[in-house]
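**Q** In our numbering, the protein residues as written are 42 to 325. Note that the Cβ used here is the ideal one computed from N, Cα and C, for glycine as well.
(1) What number of angstroms, rounded off, separates the C-alpha of residue 168 from the C-alpha of residue 96?
(2) Measure the C-alpha to C-alpha separation of residue 229 and residue 204 and round it to an integer number of angstroms.
(3) Just list the alpha helix (DSSP H) runs in the stretch 58 to 140, keeping only unbroken ones of 4 residues or longer that don't cross its boundaries, in chain order.
(4) At a cut of 8 angstroms, does the stretch 54 to 70 reach the stretch 184 to 201 through at least three beta carbon pairs?
(5) Use the C-beta contact count for residue 275: other C-beta atoms within 10 angstroms, 16 or more gives buried, fewer gives exposed.
(6) Tell me which same chain residues have a C-beta within less than 6 angstroms of the C-beta of residue 112, skipping the five on either side of it?
(7) For residue 326, which three-state DSSP category applies?
(8) In the DSSP assignment, find the unbroken beta strand (DSSP E) run with residue 290 in it and report its ends.
(9) Counting only beta-carbon atoms, is residue 266 nearer than 7 angstroms to chain D?
(10) Counting only the same chain and skipping the five closest in sequence on each side, list residues whose C-beta sits under 6 angstroms from that of residue 56.
(11) What distance in whole Å lies between the Cβ atoms of residue 103 and residue 122, which are believed to be in contact at a cut-off of 8 angstroms?
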């Protein structure tokens, strides 16, 4: 059974977020649009500076052409910038179970975090914007991780306040809007995005909210499928992959082997790479 949070302080009224009965900060981003029918949530890292308000202020700029429904600071504070009845611009080019434009049906939650960092010879950790951080200094704890989706790198831990807040927010949104999935940005934009980092307990969160069947390490094959050398139906089959086989998505693409657009995934299974049609894959 789903293990919901028993003392969740968050509620939603008229598509606005409240905590302990009081409205949280709402600072409207201009980067939003209509045409939103929520079915899930996509989690993100801000991949920027850690000072409170940095990401929120960026989403206020029209030139950012990006926004999120909610931003969660390092101390767990939350700011809403797009009403829950509106489409935020957070996922960009994306696809979920063969359906493009995930912004049209998923809430976006940003977590303030540096993103991938490099470790310099002097021991400093450096994100893309060239600031310098020290492991264990100023409450910043880093860890090395290497996954197929994220690559090798050093990552800043999420604070306990962030994890608890994001868990509570996901529960509140799921209950209010009847949602059916939570994904990382890297899962809906494979090969293009790597957030949130490998340190975020994504599988644990899904299990708490949706049950054990969401605790798998990755997508599975729905039926026996032909792994192909390229996205087409010509005689290019590498091997037949059995139903239930775990696969690792490398990237997605839209192709026209029969004259109409179809989504295909470049995947890896049993150390073999090839292409599978989206209809063969259970992306939940």
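**A** Let me lay it out:
(1) Looking at the two C-alpha atoms, the distance is approximately 16 angstroms.
(2) Computed Cα separation, rounded: 21 angstroms.
(3) If we require 4 residues or more, the alpha helix (DSSP H) runs fully inside the stretch 58 to 140 come out as 95 to 100.
(4) No, because fewer than three Cβ pairs between the stretch 54 to 70 and the stretch 184 to 201 fall closer than 8 angstroms, the two stretches do not touch.
(5) Around the beta carbon of residue 275, fewer than 16 other beta carbons lie within 10 angstroms, which makes this residue exposed.
(6) The answer, listed in chain order, is 96, 97, 120 and 151.
(7) For the chain, the structure presents residues 42 to 325; residue 326 sits outside this window and is missing.
(8) Counting along the chain, the beta strand (DSSP E) containing residue 290 begins and ends at 289 to 296.
(9) As a matter of chain content, chain D is missing from the structure shown, which is built from one protein chain.
(10) So the qualifying residues of the chain are 124, 125 and 126.
(11) At roughly 13 angstroms, the Cβ-Cβ gap does not stay under 8 angstroms, so residue 122 and residue 103 are not in contact.
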